[in-house]
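Engineer: Below is one structure. I have some questions about it.
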Amino acid sequence: MTVDFDLRSNYVQIINGKSSPTALTRHGLNPATLEALPEVPVETPKDLDDAADAAKAAFKIWSVTPYEDRKKAVLAYVDAIDQYSDQFRDLLITEQGKPISQATLETANSINWIRGMAGLPLLEDIIEDDNSRTVVTRHVPLSVVVAIVPWNFPLLLATGKIAPALLTGNKFFPPGVVQSLSGDDDLGPWLTSHPAIDKISFTGSTATRKRVFGGNDPAIVFPDVDIEKVAEKVAFFAFLNSGQVCLNLKRIYVHSSIFDAFKDALVRQVKSYIVGDRSKTGVTHGPLQNDMQYSRVKTFFDDIEK
164 MTVDFDLRSN
174 YVQIINGKSS
184 PTALTRHGLN
194 PATLEALPEV
204 PVETPKDLDD
214 AADAAKAAFK
224 IWSVTPYEDR
234 KKAVLAYVDA
244 IDQYSDQFRD
254 LLITEQGKPI
264 SQATLETANS
274 INWIRGMAGL
284 PLLEDIIEDD
294 NSRTVVTRHV
304 PLSVVVAIVP
314 WNFPLLLATG
324 KIAPALLTGN
334 KFFPPGVVQS
344 LSGDDDLGPW
354 LTSHPAIDKI
364 SFTGSTATRK
374 RVFGGNDPAI
384 VFPDVDIEKV
394 AEKVAFFAFL
404 NSGQVCLNLK
414 RIYVHSSIFD
424 AFKDALVRQV
434 KSYIVGDRSK
444 TGVTHGPLQN
454 DMQYSRVKTF
464 FDDIEK
């Protein structure tokens, strides 16, 4: 089915399959132009209670829905995302600041991820099978699952969390199976402490991670490496998504015998990057996504100077 839909319009929460506007909204800024982005909801504790109640009720039906039927629903869901893939790509460019190539890749990978998950069988493990008894480990739906998604890979991380939960029966879908909530800094603590939430899938910053439940991603460069190739890889994984990836390299340990040569190669590689308006072809790195991230990055330079 094809419908007209515009991802650039203002947004509402979805609770129990229905639009759920909020009295308070907020908006971000296009990090390249500083133009205001569409308004998004700021939920209340009551919104969360309503969403949790709806999810609990829907779970009773969805958890006993045959796996093949759940699979068909998930595939219909990804077909709908695919239908609007260009809009999702443009939204990533405008909202997150990704260059065209990276926004296209995130959109395509999100679609492929869901289809790949839908192709996996839900296996049972036979632990023991003899004349006296059969012991089987069967993975059953847990209940309500929360996906906390950050801003650096919003589409990929959301689909990567939602699709497996849907396939395994944890909540194209019946009302209440999927809720969409948006909020401010209060939302995370409300979600993680809510008594109706049975599982949390979280991706986010170190500071937030410490509140929800720390490695600092080093690279170790040995003297026998191909310096140019390794410098290219180290630079790529340090500056991927303009450095806005939790797994990006943050420390580099280089053997003293190749330190100067590696440093020079790394500098050449970084100087080859093209920084600018992410909507322009050829740009490799766009702007930082928000003021908080910009301020955080500036502290790195302060530390270096000290």
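In the numbering used here, the protein residues as written are 164 to 469. All residues carry an ideal CB built from backbone N, CA and C; glycine is no exception.
1) Check for me: the alpha helix (DSSP H) holding K219 runs from which residue to which?
2) For a test of the three-state rule: what should DSSP assign to Y247, helix, strand or coil?
3) Determine the burial state of D210: buried for a count of at least 16 other Cβ atoms within 10 Å of its Cβ, exposed for fewer.
4) Whole-angstrom Cβ separation of R459 and A195, contact assumed at under 8 Å?
5) Would you check if the distance between the CB atom of N117 and the CB atom of D380 is smaller than 8 Å?
6) Could you tell me which residues DSSP puts in a beta bridge with Y416?
7) Report, in whole angstroms, the separation of the C-beta atoms of V203 and Y174, which I expect to be a contact under 8 Å.
8) Per DSSP, what kind of secondary structure is K181 in: helix, strand or coil?
9) Under a Cβ-count criterion, where at least 16 other Cβ atoms within 10 Å of its own Cβ denotes burial, should S172 be classed as buried or exposed?
10) Do three or more CB pairs link the stretch 230-241 to the stretch 271-287 at distances below 8 Å?
11) Given this structure, state the Cα-to-Cα distance separating L329 from Y230, to the nearest angstrom.
12) May I ask you to report which of helix, strand or coil DSSP gives E291?
13) Helix, strand or coil: which one does DSSP assign to Q176?
14) Measuring straight from C-alpha to C-alpha, what distance separates P317 and D216?
15) Can at least three beta-carbon pairs, one atom from the stretch 256-268 and one from the stretch 295-305, be found at a separation below 8 Å?
16) Could you check if S182 is buried or exposed, using at least 16 other CB atoms within 10 Å of its CB as the buried criterion?
17) How is G377 classed by DSSP in three states: helix, strand or coil?
18) Would you report the Cα separation of V227 and A221, rounded to the nearest angstrom?
19) Could you tell me if N275 is buried or exposed, where buried requires 16 or more neighbouring beta carbons within 10 angstroms of its beta carbon?
20) Give me the Cα-Cα distance between T355 and A382, rounded to the nearest whole angstrom.
21) Less than 8 Å between the beta carbons of Q452 and N315, yes or no?
22) Helix, strand or coil for T447? Go by DSSP, reduced to three states.
23) Based on Cα-Cα distance, which residue from E198, N179, K261 and T300 lies nearest to T447?
24) Over the uninterrupted beta strand (DSSP E) stretch that includes A310, give me the two end residues.
Structural biologist: Let me spell this out:
1) Along the sequence shown, read from residue 1 onward, the residue named residue 219 stands at position 56. P208 to W225 is the span of the alpha helix (DSSP H), which, as asked, contains K219.
2) Position 84 of the sequence shown, counting from 1, holds the residue named residue 247. Correct three-state label for Y247: coil.
3) As a working note, residue 210 is residue 47 in the sequence shown. Its Cβ being crowded by 16 or more others within 10 Å, D210 is buried.
4) The residue you call residue 459 lines up with position 296 of the sequence shown. The residue you call residue 195 lines up with position 32 of the sequence shown. Cβ-Cβ separation between R459 and A195: approximately 19 Å, too far for a contact (criterion under 8 Å).
5) Nothing about residue 117 can be read from this structure; the chain reaches only from 164 to 469.
6) For the purposes of this step, residue 416 is taken as the residue at position 253 of the sequence shown. Bridge partners of Y416: I383.
7) For the purposes of this step, residue 203 is identified with residue 40 of the sequence shown, where counting begins at 1. For the purposes of this step, residue 174 is identified with residue 11 of the sequence shown, where counting begins at 1. Confirmed, Cβ separation roughly 5 Å.
8) The residue given as residue 181 occupies position 18 in the sequence shown. Here K181 sits in strand by DSSP.
9) Against the sequence shown, residue 172 aligns to sequence position 9. By the 10 Å Cβ count, S172 comes out exposed.
10) yes
11) On the sequence shown, position 166 is the one that residue 329 refers to. On the sequence shown, position 67 is the one that residue 230 refers to. Approximately 10 Å between the Cα atoms of the pair.
12) Taking the sequence shown and counting its residues from 1, the one referred to as residue 291 is at position 128. E291 falls in the strand class under three-state DSSP.
13) Position 13 of the sequence shown, counted from the first residue, corresponds to residue 176. Looking at Q176 - three-state DSSP - the assignment turns out to be strand.
14) Against the sequence shown, residue 317 aligns to sequence position 154. Against the sequence shown, residue 216 aligns to sequence position 53. The straight-line gap from Cα to Cα measures roughly 25 Å.
15) The stretch 256-268 is not in contact with the stretch 295-305.
16) Mapped onto the sequence shown, residue 182 falls at position 19. Per the 10 Å Cβ criterion, exposed.
17) Taking the sequence shown and counting its residues from 1, the one referred to as residue 377 is at position 214. Reliability fails at G377, whose pLDDT of 42 lies under 50, so the model's placement of it is uncertain and no value is given.
18) Here residue 227 refers to the residue found at position 64 of the sequence shown. Here residue 221 refers to the residue found at position 58 of the sequence shown. Their backbone Cα atoms lie some 10 Å apart in a straight line.
19) In the sequence shown, the residue the question calls residue 275 occupies position 112. The residue is exposed, with fewer than 16 neighbouring Cβ atoms inside 10 Å.
20) Working through the sequence shown from its first residue, we reach residue 355 at position 192. Working through the sequence shown from its first residue, we reach residue 382 at position 219. Using only the alpha carbons, I get a separation of about 33 Å.
21) Position 289 of the sequence shown, counted from the first residue, corresponds to residue 452. Position 152 of the sequence shown, counted from the first residue, corresponds to residue 315. With a cutoff of 8 Å on beta-carbon distance, Q452 and N315 are scored as near each other.
22) Translated into positions along the sequence shown, residue 447 becomes position 284. Here T447 sits in coil by DSSP.
23) Here residue 447 corresponds to residue number 284 of the sequence shown, with the count starting at 1. For the residues E198, N179, K261 and T300, the minimum Cα distance to T447 belongs to K261.
24) Within the sequence shown, residue 310 is the residue found at index 147, counting from 1. Taken as a continuous stretch (DSSP letters only), the beta strand (DSSP E) holding A310 covers V308 to I311.
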